[in-house]
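Numbering (the working numbering), first residue to last: 510 to 808. Where is the CB? At the ideal position from N, CA and C, for every residue including glycine.
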(Lines of atoms letter the chains of each structure in order from A and count residues from 1; the text may use other names and numbers.)
(Lines give C-alpha, C1' and ligand atoms only; values in the text may rest on other atoms or scores of the structure.)
Protein backbone atom coordinates (compact mmCIF):
# COMPACT_ATOMS: atom_id res chain seq x y z
CA UNK A 1 0.00 0.00 0.00
CA UNK A 2 0.93 3.65 -0.23
CA UNK A 3 0.57 6.18 2.60
CA UNK A 4 -0.84 9.19 0.76
CA UNK A 5 -1.36 11.18 3.96
CA UNK A 6 2.34 10.84 4.74
CA UNK A 7 3.24 12.09 1.27
CA UNK A 8 0.88 15.08 1.51
CA UNK A 9 2.37 16.05 4.88
CA UNK A 10 5.93 15.63 3.57
CA UNK A 11 5.14 17.68 0.46
CA UNK A 12 4.19 20.60 2.68
CA UNK A 13 6.98 20.15 5.22
CA UNK A 14 9.76 19.63 2.69
CA UNK A 15 8.32 22.05 0.12
CA UNK A 16 8.39 19.40 -2.61
CA UNK A 17 6.45 21.57 -5.03
CA UNK A 18 4.17 18.72 -6.08
CA UNK A 19 1.24 19.57 -8.37
CA UNK A 20 -0.40 16.13 -8.40
CA UNK A 21 0.16 12.54 -7.30
CA UNK A 22 -1.74 9.47 -8.51
CA UNK A 23 -1.14 6.01 -7.08
CA UNK A 24 -2.51 2.99 -8.92
CA UNK A 25 -2.45 -0.66 -7.94
CA UNK A 26 -3.85 -3.50 -9.97
CA UNK A 27 -5.14 -1.01 -12.52
CA UNK A 28 -7.18 0.96 -9.99
CA UNK A 29 -6.46 4.37 -8.46
CA UNK A 30 -5.95 3.73 -4.75
CA UNK A 31 -4.82 7.21 -3.75
CA UNK A 32 -4.44 10.65 -5.29
CA UNK A 33 -4.10 14.30 -4.35
CA UNK A 34 -4.09 17.46 -6.45
CA UNK A 35 -2.60 20.75 -5.31
CA UNK A 36 -3.91 22.44 -8.46
CA UNK A 37 -5.92 21.55 -11.56
CA UNK A 38 -4.42 18.62 -13.46
CA UNK A 39 -3.32 20.65 -16.46
CA UNK A 40 -0.84 19.47 -19.04
CA UNK A 41 2.69 20.41 -18.08
CA UNK A 42 6.10 19.95 -19.64
CA UNK A 43 7.20 16.53 -18.43
CA UNK A 44 10.76 17.29 -19.52
CA UNK A 45 12.95 14.17 -19.63
CA UNK A 46 10.12 11.80 -18.77
CA UNK A 47 9.64 12.20 -22.54
CA UNK A 48 12.77 10.09 -23.01
CA UNK A 49 11.05 6.97 -21.69
CA UNK A 50 8.19 7.40 -24.16
CA UNK A 51 10.77 7.81 -26.92
CA UNK A 52 12.36 4.56 -25.79
CA UNK A 53 9.04 2.72 -26.05
CA UNK A 54 8.73 4.04 -29.59
CA UNK A 55 12.11 2.52 -30.41
CA UNK A 56 10.93 -0.83 -29.09
CA UNK A 57 7.92 -0.66 -31.40
CA UNK A 58 10.09 0.35 -34.37
CA UNK A 59 12.40 -2.62 -33.74
CA UNK A 60 9.36 -4.92 -33.66
CA UNK A 61 8.25 -3.42 -36.99
CA UNK A 62 11.66 -4.13 -38.51
CA UNK A 63 12.55 -0.46 -39.01
CA UNK A 64 15.83 -0.46 -37.11
CA UNK A 65 17.96 -2.26 -34.51
CA UNK A 66 19.87 -1.15 -31.44
CA UNK A 67 23.15 -1.96 -33.17
CA UNK A 68 22.49 0.31 -36.15
CA UNK A 69 25.22 2.92 -36.68
CA UNK A 70 24.14 6.55 -36.37
CA UNK A 71 26.49 7.70 -39.12
CA UNK A 72 24.70 5.49 -41.64
CA UNK A 73 21.50 7.49 -41.26
CA UNK A 74 23.04 10.92 -41.80
CA UNK A 75 26.16 10.64 -44.01
CA UNK A 76 25.38 14.05 -45.51
CA UNK A 77 25.50 15.81 -42.11
CA UNK A 78 29.24 15.39 -41.45
CA UNK A 79 31.58 18.22 -42.39
CA UNK A 80 34.40 15.73 -43.01
CA UNK A 81 34.97 11.98 -42.99
CA UNK A 82 33.59 10.64 -39.68
CA UNK A 83 36.18 9.53 -37.15
CA UNK A 84 36.38 5.91 -36.04
CA UNK A 85 34.50 6.73 -32.85
CA UNK A 86 31.82 8.56 -34.82
CA UNK A 87 31.46 5.54 -37.07
CA UNK A 88 31.10 3.25 -34.03
CA UNK A 89 28.26 5.23 -32.42
CA UNK A 90 25.07 3.13 -32.27
CA UNK A 91 21.44 3.75 -31.40
CA UNK A 92 21.96 1.80 -28.18
CA UNK A 93 24.89 4.04 -27.25
CA UNK A 94 22.55 7.02 -27.57
CA UNK A 95 19.75 5.41 -25.59
CA UNK A 96 22.11 4.48 -22.73
CA UNK A 97 23.72 7.95 -22.69
CA UNK A 98 27.11 6.53 -23.59
CA UNK A 99 27.75 8.54 -26.74
CA UNK A 100 31.42 9.32 -26.15
CA UNK A 101 30.88 13.02 -25.47
CA UNK A 102 32.28 14.64 -22.34
CA UNK A 103 29.30 16.87 -21.54
CA UNK A 104 25.60 17.32 -22.23
CA UNK A 105 24.18 19.12 -25.25
CA UNK A 106 20.76 20.48 -26.24
CA UNK A 107 19.90 20.92 -22.59
CA UNK A 108 17.38 23.62 -21.60
CA UNK A 109 18.45 27.08 -22.67
CA UNK A 110 21.30 25.68 -24.77
CA UNK A 111 18.75 24.95 -27.48
CA UNK A 112 17.60 28.57 -27.69
CA UNK A 113 21.14 29.88 -28.00
CA UNK A 114 22.32 27.66 -30.87
CA UNK A 115 23.33 29.46 -34.05
CA UNK A 116 23.21 26.21 -36.05
CA UNK A 117 19.50 25.56 -36.58
CA UNK A 118 20.23 22.08 -37.92
CA UNK A 119 20.66 20.30 -34.59
CA UNK A 120 21.55 16.96 -36.19
CA UNK A 121 24.42 18.62 -38.06
CA UNK A 122 25.49 20.45 -34.90
CA UNK A 123 25.59 17.32 -32.76
CA UNK A 124 27.20 14.92 -35.21
CA UNK A 125 30.17 17.25 -35.72
CA UNK A 126 30.93 17.69 -32.02
CA UNK A 127 34.25 16.20 -30.89
CA UNK A 128 34.10 12.96 -28.93
CA UNK A 129 36.25 12.41 -25.84
CA UNK A 130 36.04 8.64 -25.52
CA UNK A 131 34.90 5.53 -27.32
CA UNK A 132 31.09 5.18 -27.48
CA UNK A 133 29.70 2.78 -24.91
CA UNK A 134 32.46 3.32 -22.34
CA UNK A 135 31.20 6.24 -20.23
CA UNK A 136 27.79 7.44 -19.04
CA UNK A 137 27.07 11.11 -19.71
CA UNK A 138 23.47 12.23 -19.45
CA UNK A 139 22.64 14.19 -22.60
CA UNK A 140 19.31 15.22 -24.13
CA UNK A 141 21.01 15.48 -27.52
CA UNK A 142 21.34 11.68 -27.53
CA UNK A 143 17.57 11.37 -27.36
CA UNK A 144 17.07 14.05 -30.01
CA UNK A 145 19.28 12.19 -32.48
CA UNK A 146 17.24 9.02 -31.91
CA UNK A 147 14.09 11.04 -32.62
CA UNK A 148 15.71 12.38 -35.78
CA UNK A 149 16.55 8.83 -36.88
CA UNK A 150 12.93 7.83 -36.35
CA UNK A 151 11.79 10.72 -38.51
CA UNK A 152 14.32 9.84 -41.19
CA UNK A 153 13.15 6.23 -41.50
CA UNK A 154 9.40 6.74 -41.00
CA UNK A 155 8.87 10.05 -42.81
CA UNK A 156 6.95 11.44 -39.84
CA UNK A 157 7.75 13.06 -36.54
CA UNK A 158 8.16 10.88 -33.48
CA UNK A 159 4.98 12.41 -32.10
CA UNK A 160 2.98 11.45 -35.19
CA UNK A 161 4.52 7.96 -35.29
CA UNK A 162 3.46 7.39 -31.69
CA UNK A 163 -0.08 8.75 -32.06
CA UNK A 164 -1.70 5.45 -33.16
CA UNK A 165 0.87 3.27 -31.39
CA UNK A 166 0.98 4.73 -27.86
CA UNK A 167 -0.82 8.03 -27.39
CA UNK A 168 -4.31 7.25 -28.69
CA UNK A 169 -4.40 3.74 -27.15
CA UNK A 170 -3.65 5.43 -23.80
CA UNK A 171 -6.39 7.99 -24.40
CA UNK A 172 -3.85 10.81 -24.84
CA UNK A 173 -5.40 13.03 -27.49
CA UNK A 174 -3.44 15.66 -29.39
CA UNK A 175 -0.32 15.80 -27.18
CA UNK A 176 2.07 18.64 -27.93
CA UNK A 177 5.81 17.99 -28.26
CA UNK A 178 8.49 20.66 -28.60
CA UNK A 179 10.26 20.57 -31.97
CA UNK A 180 13.61 21.64 -33.38
CA UNK A 181 13.77 24.59 -35.79
CA UNK A 182 13.60 22.17 -38.72
CA UNK A 183 10.61 20.24 -37.42
CA UNK A 184 11.96 17.24 -35.46
CA UNK A 185 10.33 16.21 -32.15
CA UNK A 186 12.79 16.93 -29.36
CA UNK A 187 12.37 13.39 -28.04
CA UNK A 188 14.36 13.99 -24.88
CA UNK A 189 11.98 16.58 -23.42
CA UNK A 190 9.27 19.05 -24.22
CA UNK A 191 6.26 16.72 -24.18
CA UNK A 192 3.20 18.08 -22.35
CA UNK A 193 1.03 15.66 -20.34
CA UNK A 194 -1.29 15.67 -17.33
CA UNK A 195 -0.53 13.57 -14.27
CA UNK A 196 -3.43 11.30 -15.19
CA UNK A 197 -1.92 10.76 -18.65
CA UNK A 198 1.43 9.96 -17.05
CA UNK A 199 -0.34 7.42 -14.84
CA UNK A 200 -1.68 5.61 -17.92
CA UNK A 201 1.83 5.43 -19.34
CA UNK A 202 2.98 4.08 -15.97
CA UNK A 203 0.31 1.37 -16.19
CA UNK A 204 1.62 0.43 -19.64
CA UNK A 205 5.08 -0.02 -18.14
CA UNK A 206 3.84 -1.97 -15.13
CA UNK A 207 1.91 -4.33 -17.40
CA UNK A 208 4.98 -5.10 -19.50
CA UNK A 209 3.89 -3.08 -22.51
CA UNK A 210 0.21 -4.05 -22.42
CA UNK A 211 -2.70 -1.64 -22.01
CA UNK A 212 -6.37 -2.62 -22.05
CA UNK A 213 -5.36 -6.09 -23.14
CA UNK A 214 -3.36 -4.90 -26.16
CA UNK A 215 0.42 -5.35 -26.42
CA UNK A 216 1.61 -1.89 -27.45
CA UNK A 217 5.32 -2.18 -26.61
CA UNK A 218 7.24 -5.46 -26.99
CA UNK A 219 7.64 -7.10 -23.58
CA UNK A 220 11.21 -8.31 -24.15
CA UNK A 221 12.35 -4.87 -25.27
CA UNK A 222 10.74 -3.20 -22.26
CA UNK A 223 12.29 -5.73 -19.89
CA UNK A 224 15.73 -4.86 -21.27
CA UNK A 225 15.08 -1.10 -21.53
CA UNK A 226 14.07 -0.82 -17.87
CA UNK A 227 16.94 -2.96 -16.56
CA UNK A 228 20.38 -1.75 -15.47
CA UNK A 229 22.12 -1.73 -18.85
CA UNK A 230 24.94 0.62 -17.83
CA UNK A 231 26.40 1.85 -14.56
CA UNK A 232 26.01 5.56 -13.85
CA UNK A 233 27.88 5.85 -10.55
CA UNK A 234 27.94 4.51 -7.02
CA UNK A 235 26.25 5.49 -3.80
CA UNK A 236 22.81 5.91 -2.33
CA UNK A 237 21.48 8.52 -4.75
CA UNK A 238 18.64 7.43 -7.03
CA UNK A 239 20.54 8.87 -10.01
CA UNK A 240 23.42 6.44 -9.43
CA UNK A 241 21.60 3.11 -9.34
CA UNK A 242 21.93 2.21 -13.00
CA UNK A 243 20.47 3.34 -16.31
CA UNK A 244 18.64 1.43 -19.02
CA UNK A 245 17.41 2.66 -22.39
CA UNK A 246 16.12 6.07 -21.26
CA UNK A 247 14.92 4.68 -17.91
CA UNK A 248 16.42 5.10 -14.41
CA UNK A 249 16.75 2.44 -11.73
CA UNK A 250 15.89 3.40 -8.13
CA UNK A 251 17.69 2.46 -4.95
CA UNK A 252 14.77 0.30 -3.83
CA UNK A 253 15.34 -3.14 -5.35
CA UNK A 254 13.28 -3.79 -8.46
CA UNK A 255 11.90 -0.25 -8.75
CA UNK A 256 12.53 1.90 -11.82
CA UNK A 257 11.23 5.18 -13.19
CA UNK A 258 10.70 7.59 -16.03
CA UNK A 259 12.05 10.90 -14.73
CA UNK A 260 11.77 14.51 -15.86
CA UNK A 261 13.29 17.70 -14.48
CA UNK A 262 11.65 19.38 -11.49
CA UNK A 263 9.87 16.17 -10.46
CA UNK A 264 7.88 14.70 -13.36
CA UNK A 265 7.79 11.02 -12.45
CA UNK A 266 6.35 7.63 -13.31
CA UNK A 267 7.73 5.27 -10.66
CA UNK A 268 7.09 1.58 -11.19
CA UNK A 269 6.91 -0.93 -8.31
CA UNK A 270 6.61 -4.33 -10.07
CA UNK A 271 6.63 -6.38 -6.85
CA UNK A 272 3.77 -4.33 -5.41
CA UNK A 273 1.87 -4.18 -8.73
CA UNK A 274 1.84 -0.42 -8.17
CA UNK A 275 2.68 2.83 -9.93
CA UNK A 276 3.17 6.33 -8.56
CA UNK A 277 2.83 9.24 -10.98
CA UNK A 278 3.74 12.80 -10.10
CA UNK A 279 3.92 16.26 -11.63
CA UNK A 280 5.87 18.91 -9.73
CA UNK A 281 8.05 21.96 -9.95
CA UNK A 282 10.99 21.59 -7.60
CA UNK A 283 14.14 23.24 -8.91
CA UNK A 284 16.38 22.30 -5.99
CA UNK A 285 15.75 18.77 -4.77
CA UNK A 286 13.84 16.27 -6.89
CA UNK A 287 15.74 13.49 -5.09
CA UNK A 288 13.63 14.35 -2.04
CA UNK A 289 10.47 13.68 -4.04
CA UNK A 290 11.69 10.23 -5.10
CA UNK A 291 12.87 9.36 -1.58
CA UNK A 292 9.56 10.46 -0.11
CA UNK A 293 7.67 8.25 -2.58
CA UNK A 294 9.90 5.30 -1.66
CA UNK A 295 9.31 5.93 2.05
CA UNK A 296 5.55 6.19 1.62
CA UNK A 297 5.48 3.01 -0.44
CA UNK A 298 7.00 1.08 2.45
CA UNK A 299 3.96 1.69 4.67
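- Annotation for residue 652: the continuous alpha helix (DSSP H) segment containing it runs 649–663.
- If you draw a straight line from the Cα of residue 616 to the Cα of residue 697, it is about 9 Å long.
- Residue burial is scored here from C-beta neighbours: residue 551 has at least 16 other C-beta atoms within 10 angstroms and is therefore classed as buried.
- Secondary structure at residue 583: coil, using DSSP grouped into helix, strand and coil.
- If you look at residue 710, you'll find it isn't in any beta strand (DSSP E); it sits in the alpha helix (DSSP H) that goes 704–715.
- Under the three-state reduction of DSSP output, residue 536 falls in the coil class, being neither helix nor strand.
- In the DSSP assignment, the residues bridged to residue 784 are 533, 777.
- It is roughly 45 Å from the alpha-carbon of residue 577 to the alpha-carbon of residue 544.
- The Cβ-Cβ distance between residue 743 and residue 772 does not fall below 8 Å.
- With fewer than 16 other CB atoms across the displayed protein chains lying within 10 angstroms of its CB, residue 546 is exposed.
- For residue 767, DSSP records a beta bridge to 775.
- Cβ-Cβ separation between residue 805 and residue 515: approximately 5 Å, consistent with a contact (criterion under 8 Å).
- Residues of the same chain with a CB within less than 6 Å of the CB of residue 769, apart from the 5 flanking positions on each side, are 552, 553, 554, 555 in chain order.
- With a 10 Å radius around the Cβ and a threshold of 16 neighbouring Cβ atoms, residue 665 comes out exposed.
- Distance from the Cα of residue 763 is smallest, within the candidate group 774, 786, 646, 736, for 736.
- The continuous alpha helix (DSSP H) containing residue 594 extends over residues 593–597.
- Spatial neighbours of residue 670 in its own chain (CB-CB distance under 7 Å, excluding positions within 5 residues in sequence) are listed in chain order as 563, 659, 663.
- The three-state secondary structure of residue 558, taken from DSSP, is helix.
- Fully contained in the region 716–744 are the following alpha helix (DSSP H) runs of length 4 or more, in chain order: 728–734.
- Listed as beta-bridge partners of residue 688 by DSSP are 694.
- By a beta-carbon distance limit of 8 Å, residue 796 contacts residue 746. Their separation comes to about 6 Å.
- Counting other Cβ atoms within 10 Å of its Cβ, residue 800 reaches 16 or more and is therefore classed as buried.
- Secondary structure note for residue 795: its alpha helix (DSSP H) is the uninterrupted segment 795–806.
- Residue 549 sits in coil when the DSSP states are folded into three classes, being neither helix nor strand.
- In this structure, residue 688 lies away from residue 647, with their beta-carbon atoms at least 8 Å apart.
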